[in-house]
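In terms of the working numbering, the sequence shown is residues -15 to 218.
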Amino acid sequence: MSRDFYTLDELALQIGRDRRQVEKLVNRGIIPGRRVAGEWRFNEIEITHWLEQDLRGLDDLALAQLEQSQQSGAQKLHSPIAGLLHPETCEVPLDAGTRPAVLQALIEVAGRTWQVWDPASILKAVKEREDVMSTGFENGIAIPHPRNPLPDAVGQSLIAFGKTLSGIPFGAPGRQLTDLFFLVLARDAATHLQILARLARLLQRPGFVADLRHTESGSQAYQLIIRADEQVGT
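This is how it looks when you write it as structure tokens:
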């Protein structure tokens, strides 16, 4: 799409939901949009930010629909986890005790792929995203990422994982401490949302988070994540 907005029909297709359902959410002010010459228009960046928050409350079916709606042509990934997470981008334990240190360490881990071209810009963007709203979840997990894709800062989209020895304050709801971190660096919005939807599905699997918390090495964590990802299916 050459423009930076969606029509109502395009939005429904983009997020994998029925048009009537989307229209109701728009009319209730839940989905951000504005009328232009009597027609609804939705900014691509605003929709991406809304989806980031909305997916926290979605079940597996809705997450799967969102994930599949982001797949197209050459960018289609059977699983963005299997394709973008690597053994060398999993670090257990992650040597960090503060939020800034975690972000710095994760970017260094991601840099092992040689696909991180501008780590300073990425760190700045990830910190700015956390300042807007923490990416921490209630279960001790955080998914830090830039507010917008940075195609000039990374050669390929990628994911890095880290587990700290103990939980740290990361801005999660209820001031819960966080010890499991997935850094998401995507070159485009579709891949970004596909990764987030897949991760959310993975984190909903019974026992997965507890098992991940008990891993003792990066290779062990990587194998656990890949096995669980294969079980999620499409």
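Where is the CB? At the ideal position from N, CA and C, for every residue including glycine.
None of these values were measured; they are calculated from a predicted model.
Go to Asp136, then tell me how far its alpha helix (DSSP H) extends in each direction, as first and last residue.
Residue numbering aside, residue 136 sits at position 152 when the sequence shown is read from its first letter. Unbroken run through Asp136: none, as it is neither H nor E.
If I measure Cβ to Cβ from Gly151 and keep anything under 8 Å in the same chain, skipping five residues before and after, which residues do I get?
In the sequence shown, residue 151 corresponds to position 167, counting from 1. Within the same chain, Gly151 has close Cβ partners Gly124, Gln160, Leu161, Thr162, Asp163.
Identify whether Ser201 lies in helix, strand or coil by the three-state DSSP scheme.
Position 217 of the sequence shown, counting from 1, holds the residue named residue 201. If DSSP states are grouped into helix, strand and coil, Ser201 belongs with coil.
In the DSSP output, what is Tyr(-10) paired with across the bridge?
To locate residue -10, count along the sequence shown from 1; it is residue 6. The partner list for Tyr(-10) (beta bridge, DSSP) reads Phe26.
Taking Ser105 as the reference, give the member of Pro71, Phe154, Leu87, Gly41 with the closest Cα.
As a position in the sequence shown, residue 105 is number 121, starting the count at 1. With distances taken between Cα atoms, Ser105 lies closest to Leu87.
With C-beta atoms as the reference, is Ile65 less than 8 Å away from Ile143?
To locate residue 65, count along the sequence shown from 1; it is residue 81. To locate residue 143, count along the sequence shown from 1; it is residue 159. The answer is yes: Cβ separation under 8 Å.
Near Asp172, what residues of its chain come up, given a Cβ to Cβ distance below 8 Å and the 5 sequence neighbours on each side ignored?
In the sequence shown, the residue the question calls residue 172 occupies position 188. Counting only Cβ-Cβ distances below 8 Å, and skipping sequence neighbours, we find Gln59, Pro133, Pro135, Ser141.
Would you say Leu180 and Pro128 are within 8 Å of each other, going by their C-beta atoms?
Counted from its first residue, the sequence shown places residue 180 at position 196. Counted from its first residue, the sequence shown places residue 128 at position 144. It is not a contact, given that the beta carbons lie outside the stated cut-off.
Check whether the Cβ atoms of Val116 and Glu200 sit closer than 8 Å, and answer yes or no.
Indexing the sequence shown from 1 puts residue 116 at position 132. Indexing the sequence shown from 1 puts residue 200 at position 216. It is not a contact, given that the beta carbons lie outside the stated cut-off.
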